[in-house]
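S.K.:
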Amino acid sequence: MLTPLADDDGPASTATSRARSGVAVATASGLLHRPRWALPALCITQVVGWGVLYYAFPVMLPALTHDTGWPATTTTAAFSAALVVSALVGIPVGRLIDRAGPRRLMTAGSLLGATGFAVIAVAPNLLVFTFGWMLTGIAMAATFYQPAFAALTRWYGHDRVRALTILTLAGGLASTVFAPITATLTDHLGWRHATLALAGVVLVIAAPLHAVGLRGPWPPHPPDHASRSVTAVALSARAITTSRPFLQLAVALTLSGFAMYAVVFGLIPLLTERGASTSQAAWALGLGGLGQTMGRLLYAPLAARTSTRTRTAVLILAGGVTTALLASLAGPIWLVTLVAMGAGMVRGNLTLLQATAVTDRWGTRAYGRLTATLAAPVTIASATAPWVGAALAGQLGGYPAFFWVLAAISAGAACIVSFT
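Numbering (this note's numbering), first residue to last: 395 to 814.
Right under this line is the structure:
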């Protein structure tokens, strides 16, 4: 008979009852239990979560500002503030995931996301609008990639890279699915009713899938760490987050993340400055997103053939190389689009690199806390990248010069990683 494991839904139960809702997989350290539908459920909820809580806003922004008269800079600042909130709240969320598992937390996050979007939809003024985004930022922390990464890392053990790859491939479809849906709803219903409809999507799809699909045992950490006390584990996690290698890695990923998101937001103005039409620039950006999805298929073979340090430095440097190419190429547009796709492939690999950075260096113990701490400055950098980018591009005389600066930032980040 299998040894009972503590379940995130209550006291330990028998192996027979667990078998009905999950899968037991043999590993080098014993039997690993995981919910049968966890991965497909998380794939769907990542598409819904990112598609609604993140990608819907820029699509409906023109209609929102036209209808309300609120400044685009102020409304966008509320959205960016939500991203900062999600980064800060992500750290305690990571601790809770480590201790109790993802089911209750991600379900509550979905409910809060639906509530936040409903508040945004009915907001009579900017204060209430911003409050709705603050609620949504907390929901992002509880439902986006980081808690999903933590869940799959614990449940899938040595097979985690495959599971994380599948998850991020699905998540990459969020804008493809929800950008046109949001545009259609906004055109036919107006931005307020479209926002309410999207809140309903989160409520009726994401929340039930989290509640049902993640129902199952939350397995213990590997046996070689099982004898360590909770206090020792906490001290170990604290020691890691204050260590030189962790801080260097955090700085490198933050610089790389800033450069990466600044390129995404700066690509269209870069190309239109050089004479491309808005449609051509949009295609270049869209195909870059396709490259991002394709690139994630390459991460597993890359991880199998490279060391952790080499892989990290090479991918960050590759981001700098593609940025330098975008800065230097004035055309033709098809060649620039190919480079944009290459940049997207690098971004796709960097997402998985961040998901596996902790386990590659420090194992799975306290993964939720450590990866959330590592991701927090990266998320804040991504939130500020559009504004900093626009300001610097103006000071530097245009986006080509700004892209050269971003390429240099990526090169510096790669050098930092080389010495971790």
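Glycine is no exception: its CB is placed at the ideal position from the N, C-alpha and C atoms. Given the structure is predicted, the values throughout are model-derived calculations rather than measurements.
Comparing C-alpha positions only, which one of D581, I727, R755 sits nearest to T666?
M.R.: Taking the first residue of the sequence shown as 1, we reach residue 666 at position 272. It is I727 whose Cα lies nearest to the Cα of T666.
S.K.: Helix, strand or coil: which one does DSSP assign to R690?
M.R.: Along the sequence shown, one-based indexing puts residue 690 at 296. In this structure, R690 counts as helix in the three-state DSSP scheme.
S.K.: Alpha carbon to alpha carbon, how far is R668 from L661?
M.R.: In the sequence shown, the residue the question calls residue 668 occupies position 274. In the sequence shown, the residue the question calls residue 661 occupies position 267. C-alpha separation (whole angstroms): 11 Å.
S.K.: Can you list, in chain order, the residues of its chain whose CB lies under 8 Å from that of A801, leaving out five sequence neighbours each side?
M.R.: Working through the sequence shown from its first residue, we reach residue 801 at position 407. Excluding positions up to five away in sequence, the list reads A653, G714, V715, T717, A718, A721.
S.K.: For G445, I'd like the list of residues in its chain whose CB is within less than 6 Å of its CB, leaving aside the five on either flank, ordered along the chain.
M.R.: The residue given as residue 445 occupies position 51 in the sequence shown. These residues qualify, in order along the chain: A568, V571, F572.
S.K.: Three or more C-beta pairs under 8 Å: does that hold for the stretch 531-547 against the stretch 637-646?
M.R.: No: fewer than three Cβ pairs fall under 8 Å.
S.K.: Alpha carbon to alpha carbon, how far is G791 from L434? Give it in angstroms, no decimals.
M.R.: The sequence position of residue 434 within the sequence shown is 40, counting from 1. The sequence position of residue 791 within the sequence shown is 397, counting from 1. Position check: residue 434 holds Pro in this sequence, whereas Leu was assumed. Straight-line Cα distance between these residues: approximately 47 Å.
S.K.: In whole angstroms, what separates the C-alpha of A769 from that of Q748?
M.R.: Taking the first residue of the sequence shown as position 1, residue 769 is located at position 375. Taking the first residue of the sequence shown as position 1, residue 748 is located at position 354. Their Cα atoms are separated by approximately 8 Å.
S.K.: CB-CB under 7 Å to L529, same chain, minus the five flanking residues each way: which ones, in chain order?
M.R.: Translated into the one-based positions of the sequence shown, residue 529 becomes position 135. Taken in chain order, the residues that qualify are L506, T509, G510, V513.
S.K.: Identify the continuous alpha helix (DSSP H) that holds N743 and give its terminal residues.
M.R.: Taking the first residue of the sequence shown as 1, we reach residue 743 at position 349. Element bounds for N743: 727-756.
S.K.: Hey, how far is the Cα of P639 from the Cα of V555?
M.R.: On the sequence shown, position 245 is the one that residue 639 refers to. On the sequence shown, position 161 is the one that residue 555 refers to. Each residue's Cα considered, the two are about 22 Å apart.
S.K.: What number of angstroms, rounded off, separates the C-alpha of A450 from the C-alpha of V595?
M.R.: Counting from one through the sequence shown, the residue named residue 450 turns up at place 56. Counting from one through the sequence shown, the residue named residue 595 turns up at place 201. The alpha-carbon atoms of A450 and V595 are separated by roughly 12 Å.
S.K.: Please classify P541: does DSSP put it in a helix, a strand, or coil?
M.R.: By one-based count along the sequence shown, residue 541 stands at place 147. Residue state, collapsed to three classes: helix.
S.K.: Taking contact to mean at least 3 C-beta pairs separated by less than 8 Å, is the stretch 724-739 in contact with the stretch 674-687?
M.R.: They touch, by the three-pair rule.
S.K.: Kindly indicate which residue of R586, A542, F543, G607 has the alpha-carbon position closest to the one of A515.
M.R.: Here residue 515 refers to the residue found at position 121 when the sequence shown is read from its first residue. Closest option to A515, Cα to Cα, is R586.
S.K.: Among T750, G531, P780, which has the Cα closest to the Cα of T702?
M.R.: Residue numbering aside, residue 702 sits at position 308 when the sequence shown is read from its first letter. Among T750, G531, P780, the Cα nearest to that of T702 is on T750.
S.K.: How big is the Cα-Cα spacing for L561 and S474?
M.R.: Numbered from 1 along the sequence shown, position 167 holds the residue referred to as residue 561. Numbered from 1 along the sequence shown, position 80 holds the residue referred to as residue 474. For L561 and S474, the distance between alpha carbons rounds to 25 Å.
S.K.: Along the chain, where does the alpha helix (DSSP H) containing V516 start, and where does it finish?
M.R.: Within the sequence shown, the letter at position 122 stands for residue 516. Unbroken alpha helix (DSSP H) run through V516: 497-516.
S.K.: For M500, which option in G725, V453, W677, V442 has the closest C-alpha, if you only look at C-alpha atoms?
M.R.: In the sequence shown, the residue the question calls residue 500 occupies position 106. Nearest option by C-alpha distance: V442.
S.K.: Would you call A545 buried or exposed, if buried means 16 or more other Cβ atoms sit within 10 Å of its Cβ?
M.R.: Here residue 545 corresponds to residue number 151 of the sequence shown, with the count starting at 1. It counts as buried.
S.K.: Are there 16 or more other CB atoms within 10 angstroms of the CB of G788, so buried, or fewer, so exposed?
M.R.: Working through the sequence shown from its first residue, we reach residue 788 at position 394. Looking at its Cβ environment, which holds fewer than 16 other Cβ atoms inside 10 Å, G788 is exposed.
S.K.: If the criterion is Cβ atoms closer than 7 Å, does the pair L709 and N743 meet it?
M.R.: Translated into positions along the sequence shown, residue 709 becomes position 315. Translated into positions along the sequence shown, residue 743 becomes position 349. Yes. Within cutoff.
S.K.: Compute the Euclidean distance between the alpha carbons of G762 and M688, then round it to the nearest angstrom.
M.R.: By 1-based counting over the sequence shown, the position of residue 762 is 368. By 1-based counting over the sequence shown, the position of residue 688 is 294. When rounded, the distance between both Cα atoms is 27 Å.
S.K.: Does the Cβ-Cβ distance between G566 and Q440 come in under 7 Å?
M.R.: In the sequence shown, the residue the question calls residue 566 occupies position 172. In the sequence shown, the residue the question calls residue 440 occupies position 46. Result no, Cβ atoms of G566 and Q440 do not sit closer than 7 Å.
S.K.: Going by DSSP in three states, D618 sits in which element: helix, strand or coil?
M.R.: What you label residue 618 is simply residue 224 of the sequence shown in a count that begins at 1. Low per-residue confidence applies at D618: pLDDT is 40, beneath 50, and the placement is therefore not dependable enough to give any value.
S.K.: Check each candidate in L482, T524, R498 and name the one with the smallest Cα separation from A601.
M.R.: Here residue 601 refers to the residue found at position 207 of the sequence shown. Out of L482, T524, R498, R498 has the C-alpha closest to the C-alpha of A601.
S.K.: In its own chain, which residues sit with a C-beta less than 7 Å from the C-beta of A631, not counting the 5 before and 5 after it?
M.R.: Translated into the one-based positions of the sequence shown, residue 631 becomes position 237. Excluding residues within five positions, the ones whose Cβ falls inside 7 Å are A760, R763, L764.
S.K.: As a quick exercise: from R699, L490, F797, pick the residue whose alpha carbon is nearest that of A784.
M.R.: Here residue 784 refers to the residue found at position 390 when the sequence shown is read from its first residue. When each option's Cα is compared against that of A784, the closest is F797.
S.K.: State the start and end residues of the unbroken alpha helix (DSSP H) segment that holds D581.
M.R.: Here residue 581 refers to the residue found at position 187 of the sequence shown. Its alpha helix (DSSP H) spans residues 568-583.
S.K.: Under DSSP, the alpha helix (DSSP H) around G850 begins and ends at which residues?
M.R.: Any answer about residue 850 is impossible in this case: the structure gives the chain only from 395 up to 814.
S.K.: Look at the alpha carbon of A476 and the alpha carbon of G610, and state the distance between them as a whole number of angstroms.
M.R.: Position 82 of the sequence shown, counted from the start, is the residue given in the question as residue 476. Position 216 of the sequence shown, counted from the start, is the residue given in the question as residue 610. Their backbone Cα atoms lie some 31 Å apart in a straight line.
S.K.: By Cβ distance, which residues of its chain are closer than 6 Å to T767, with the 5 residues on each side in sequence left out?
M.R.: Here residue 767 refers to the residue found at position 373 of the sequence shown. For T767, where only same-chain residues beyond five positions count, the Cβ hits under 6 Å are I485, T635.
S.K.: Please list the terminal residues of the continuous alpha helix (DSSP H) segment that includes F813.
M.R.: On the sequence shown, residue 813 is found 419 positions in, with the first residue counted as 1. That residue, F813, is in no alpha helix (DSSP H); it is neither H nor E in DSSP.
S.K.: What would DSSP say about T636, mapped onto helix, strand or coil?
M.R.: Mapped onto the sequence shown, residue 636 falls at position 242. Coil at T636, not helix or strand.
S.K.: Suppose you measure from the CA of P452 to the CA of A779; what does that come to, to the nearest Å?
M.R.: Working through the sequence shown from its first residue, we reach residue 452 at position 58. Working through the sequence shown from its first residue, we reach residue 779 at position 385. Spanning the two alpha carbons is a distance of roughly 15 Å.
S.K.: Do A533 and G503 have their CB atoms nearer than 7 Å?
M.R.: Counted from its first residue, the sequence shown places residue 533 at position 139. Counted from its first residue, the sequence shown places residue 503 at position 109. Contact flag set, yes.
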